[in-house]
Amino acid sequence: MAVTRAKGKKSRSAGRFGVRYGRKNRKLVADIEEKMRAGHACSKCGANKLKRTATGIWNCTKCGFTFAGGSYVPRTPAHVTMLRAVQSHKQKAQTF
1 MAVTRAKGKK SRSAGRFGVR YGRKNRKLVA DIEEKMRAGH ACSKCGANKL
51 KRTATGIWNC TKCGFTFAGG SYVPRTPAHV TMLRAVQSHK QKAQTF
C-alpha cells in the first residue's frame, strides 16, 4: 500500500493546480510565490511590513509608503546592482 503524505507539503502554494501544468512549472510558481510573500523591509521606515497590493506596487502597512518595485519582489537584482553602482560612485566623488 502507498504511503500517504501530509497534504500540501510537497506542492506548497501551487497545490491549487492539482496535477495540471507539470511538476517543474508548479515548483517555479511555488518558489516565486514564496519569495513574494516573504517579509520585506521598507526602505523608508525599515519595518518588515511591505505588502504587494498589485503587480509591481508595494505598500508599507506601518508608514503607508507606496512605491513601484519588481513584480514579485520589491527590489529586483537589477535594482540592487544599480544601487550598488550609485553608492560606489558617491564614495568616489567624496574622496576627491
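Letter 49 of the sequence shown, counting from 1, is numbered 49 in our numbering, and no numbers are missing. The C-beta atom is built at its ideal place from N, Cα and C for all residues, glycine as well.
Contact under 7 Å by Cβ, proline 74 with leucine 50: Contact: yes.
Cβ contact (3+ pairs, closer than 8 Å) linking the stretch 29 to 42 and the stretch 61 to 74: Enough Cβ pairs lie closer than 8 Å, so yes.
For lysine 9, which option in Lys27, Cys45 and Thr55 has the closest C-alpha, if you only look at C-alpha atoms? Among Lys27, Cys45 and Thr55, the Cα nearest to that of lysine 9 is on Lys27.
By the three-class DSSP mapping on this structure, what secondary structure does lysine 62 have? DSSP places lysine 62 in the coil class of the three-state scheme, outside both helix and strand.
Neighbourhood of asparagine 66 by C-beta distance below 6 Å, restricted to the same chain and skipping five residues each side: Correcting the residue identity first, residue 66 is threonine in this sequence and not asparagine. For threonine 66, where only same-chain residues beyond five positions count, the Cβ hits under 6 Å are Asn59.
Going straight from the alpha carbon of histidine 89 to that of glycine 18, what length do you get? The alpha-carbon separation between histidine 89 and glycine 18 amounts to approximately 50 Å.
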